[in-house]
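Residue 257, in the numbering used here, is where the sequence shown stops; the numbers in between run on with no holes.
Glycine included, each C-beta is placed from N, C-alpha and C at the ideal position.
Bear in mind that the values here come from a model prediction, so they are computed numbers and not experimental data.
Here's the structure we're looking at; comments come further down.
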Amino acid sequence: MASPATSGFSGEPLGSQGGKVARSRLACGPWLGLAATVFGGALAWLVLEWVHPVFTPPEKYAFLPTPVPPELSEELEELSWRLHLGNAVVVLAILGAFLGGFLGLGEGVAQRSPRSAVLGLGGGAAITAMFGASAGVVGHFIFQWEYYTGKETLLAWTIAMQAAVLATLGLGAGLAVGVLLGRRRLLVASCSIAGILAGVLAGLLFPYLASRYLPVAASEIVVPEAGPARLLWIGLTAGLLGLIVPGMTFSRSAAKG
Numbered sequence: 001m002a003s004p005a006t007s008g009f010s011g012e013p014l015g016s017q018g019g020k021v022a023r024s025r026l027a028c029g030p031w032l033g034l035a036a037t038v039f040g041g042a043l044a045w046l047v048l049e050w051v052h053p054v055f056t057p058p059e060k061y062a063f064l065p066t067p068v069p070p071e072l073s074e075e076l077e078e079l080s081w082r083l084h085l086g087n088a089v090v091v092l093a094i095l096g097a098f099l100g101g102f103l104g105l106g107e108g109v110a111q112r113s114p115r116s117a118v119l120g121l122g123g124g125a126a127i128t129a130m131f132g133a134s135a136g137v138v139g140h141f142i143f144q145w146e147y148y149t150g151k152e153t154l155l156a157w158t159i160a161m162q163a164a165v166l167a168t169l170g171l172g173a174g175l176a177v178g179v180l181l182g183r184r185r186l187l188v189a190s191c192s193i194a195g196i197l198a199g200v201l202a203g204l205l206f207p208y209l210a211s212r213y214l215p216v217a218a219s220e221i222v223v224p225e226a227g228p229a230r231l232l233w234i235g236l237t238a239g240l241l242g243l244i245v246p247g248m249t250f251s252r253s254a255a256k257g
């Protein structure tokens, strides 16, 4: 006769499916989460310093007549927006892949499960990359609207744009670790909310800190320019994700289990 702690058919603990335990809390604490995402963020920064911008204007636009004819001016504007969109999508997909992948890896390591570590790294990278690409689209259209309405240099609108962008990316990272390694609906929801919160906080802090301490950096665009501004942007996002997602959903008993 099956005990109350097991199912009557399989003898497996209640809440497990094929050996996959549905956890109600994350095993990864905030310090391990911080270490994982900061390491992932550092790798992302190095990659982006190397590959960005991914898309650049064709060589035929290198030497333009002066003044630029109106029809060519319109063509250049359309091209610049296409390049802006493409670069924003690729950069945020890369950033999402590294942050989501290493956050998932940290949770897998905390669960002491090689399978969970591989699943967290690969699945977390894939899911968060998709959300990162979506964040790039969101940021592009918000910035385009700000540009045509003359609000792109206003701090409040830069904060709104970055909060929307990084909240979308944070949602992906939180959702990925919750779905792949937690599986309980409440934990998935908690991780998702924590990811959104981390992204919003990063979006609030980055424009303010950049405007105060890096006033000459072009921090009002979706992807900050290379150098200290981009490092600050990635560092804040990585640090807050690593602290808040595990911090809001961590349990010492889950780490021991």
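Taking 4 residues as the minimum length, the alpha helix (DSSP H) runs contained wholly in the segment 15-92 are 30-51, in order along the chain. Contact annotation: G199 and C191 have beta-carbon atoms that are not nearer than 8 Å.
DSSP places L181 inside the alpha helix (DSSP H), whose first and last residues are L155 to L181.
Rounded to the nearest angstrom, the Cβ distance from L103 to A36 is 6 Å, consistent with a contact under 8 Å. Look at E107 here: in three-state DSSP terms it is helix. Here the C-alpha atom of T158 lies approximately 8 Å from the C-alpha atom of I221. The DSSP-derived three-state label of G227 is coil. The Cβ-Cβ distance between L175 and I127 falls below 8 Å. G172 places its beta carbon less than 8 Å from that of G96. Apart from the 5 residues on each side of it in sequence, N87 sits with its Cβ closer than 6 Å to the Cβ of P53, V54 and F55 in its chain, given in chain order. Contact between L105 and L92 does not hold, since their C-beta atoms are separated by about 20 Å, which reaches or exceeds 8 Å. For P215, no alpha helix (DSSP H) encloses it, and the DSSP letter there is neither H nor E. Under the 10 Å beta carbon count, R112 is surrounded by fewer than 16 other beta carbons and is classified as exposed. Proximity of the segment 197-213 to the segment 226-233 meets the contact definition, three or more beta-carbon pairs being nearer than 8 Å. By the Cβ-count criterion, R82 is exposed, with fewer than 16 other Cβ atoms from all chains shown falling within 10 Å of its own Cβ. For R184 and L64, the gap between their C-alpha atoms comes out near 58 Å. Around A125, the same chain offers A97, G100 and G101 as residues with beta carbons nearer than 6 Å, after the five sequence neighbours per side are excluded. Per DSSP, S116 is one residue of the alpha helix (DSSP H) stretching across P114 to Y148. Excluding five sequence positions before and after S116, the CB atoms of its chain that fall closer than 6 Å to its own CB belong to G108 and L181, given in chain order. For I196, the secondary structure class from DSSP, reduced to helix, strand or coil, is helix.
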